[in-house]
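Throughout, the working numbering is defined as the position within the sequence shown, counted from one, plus 15.
Just so you know, even glycine gets a beta-carbon here, dropped at the ideal spot from N, CA and C.
The block underneath contains the structure these notes are about, expressed in structure tokens.
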Amino acid sequence: MESAKFITLEGIDGAGKTTQLESLVAWLRERKVPTVVTREPGGTPLGEQLRAILLDKSMVMHPETEALLMFAARREHLDKVIVPALAQGSWVISDRFTDASFAYQGGGRGLRWEKLEALESWTQGGLQPDLTLYFDVSVALGQQRVGAIKTRDRFEQEQPDFHQRVREAYLMRARQFPQRICVIDAHQPVDAVKAAVEHLLNNLLATGSE
Ligand code: TYD
Numbered sequence: 016m017e018s019a020k021f022i023t024l025e026g027i028d029g030a031g032k033t034t035q036l037e038s039l040v041a042w043l044r045e046r047k048v049p050t051v052v053t054r055e056p057g058g059t060p061l062g063e064q065l066r067a068i069l070l071d072k073s074m075v076m077h078p079e080t081e082a083l084l085m086f087a088a089r090r091e092h093l094d095k096v097i098v099p100a101l102a103q104g105s106w107v108i109s110d111r112f113t114d115a116s117f118a119y120q121g122g123g124r125g126l127r128w129e130k131l132e133a134l135e136s137w138t139q140g141g142l143q144p145d146l147t148l149y150f151d152v153s154v155a156l157g158q159q160r161v162g163a164i165k166t167r168d169r170f171e172q173e174q175p176d177f178h179q180r181v182r183e184a185y186l187m188r189a190r191q192f193p194q195r196i197c198v199i200d201a202h203q204p205v206d207a208v209k210a211a212v213e214h215l216l217n218n219l220l221a222t223g224s225e
């Protein structure tokens with residue numbers, strides 16, 4: 016029996032996640048896998064409005080407000096997009112999900128892990144991605160790649176030490192959930208990263224059609 020999979024992509028800003036997302040989606044569509052592509056924060060009309068607030072660099076907010084808004088957007092995203100799509104047999108590919116809250120609000124902003132875990136279980140119960148691709152790059156390389164972009168959002172404009180804490184928190188999360196989170200070395204050339212992703216997808220596709 017086919018079973019729909021929930022895949023999330025993560026990484027510090029400039030990890031090359033967006034490029035990989037595009038080729039991953041093309042790879043699935045070539046294989047006629049029904050696929051819904053979405054992102055966080057966002058993915059719903061309400062979530063996209065929250066995204067605009069969260070990324071607006073003129074917006075000042077308490078770190079807990081930031082975390083609560085991320086999870087509010089996520090609650091809506093699960094209800095309106097993720098859960099219904101999976102129920103209909105579509106794979107769901109989300110550009111970021113809860114690991115980003117642990118990395119950015121936990122690592123970056125310094126919120127306690129337990130508070131985020133409470134929000135996580137409140138918002139999503141036991142639902143977790145089947146596979147999380149974490150694209151790991153050094154802050155220096157990430158910053159260099161973001162540097163090519165004209166305008167930086169509220170997170171991208173943070174200092175290197177913020178991004179270093181984000182990266183460390185992602186790696187900590189990956190150590191905590193080694194079965195679900197695959198760490199991909201994103202210092203490699205794009206094609207090598209792509210090959211690593213396709214290898215993981217092949218395995219997942221095989222388990223989905225058992
Ligand atoms: P990003 O995914 O990098 O989009 P773009 O490629 O368009 O810049 O932007 C989303 C930003 O939101 C990113 O800097 C990380 C941040 N974020 C959090 O801080 N916490 C979260 O829970 C999520 C989902 C994202």
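Asked, Found
"For Glu91, name the three-state secondary structure that DSSP assigns.", "helix"
"Would you tell me roughly how many angstroms separate the C-alpha atoms of Val98 and Thr50, rounded to the nearest one?", "13 angstroms"
"Where Ala221 and Gln191 are concerned, what is the direct C-alpha to C-alpha distance, given to the nearest angstrom?", "25 angstroms"
"What would DSSP say about Glu55, mapped onto helix, strand or coil?", "coil"
"What does the alpha-carbon distance come out to for the pair Ala115 and Ala201?", "17 angstroms"
"Report the option in Pro204, Ser153, Val208, Leu84 whose CA atom is closest to the CA atom of Ile27.", "Ser153"
"Can you tell me the Cα-Cα spacing of Asp94 and Ser18, whole angstroms?", "19 angstroms"
"Which residues does DSSP pair with Ile27 in a beta bridge?", "For Ile27, which the question treats as bridged, DSSP gives no partner whatsoever."
"Would you grab the beta carbon distance between Val107 and Phe21 for me? Rounded to a whole angstrom, and I think it's under 8 angstroms.", "5 angstroms"
"What do you reckon, is the C-beta of Glu37 under 7 angstroms from a heavy atom of ligand 1?", "no"
"Got a sec? Which residues, its chain only, sit under 6 angstroms from Gly57 by beta carbon, not counting five neighbours each side?", "Glu63, Arg66"
"With distance defined between alpha-carbon atoms, name the residue in Gln172, Leu43, Ala102 nearest to Asp71.", "Gln172"
"Is the stretch 130-141 in contact with the stretch 31-50, if contact means three or more CB pairs nearer than 8 angstroms?", "no"
"For Leu126 versus Glu91, is the C-beta distance shorter than 8 angstroms?", "no"
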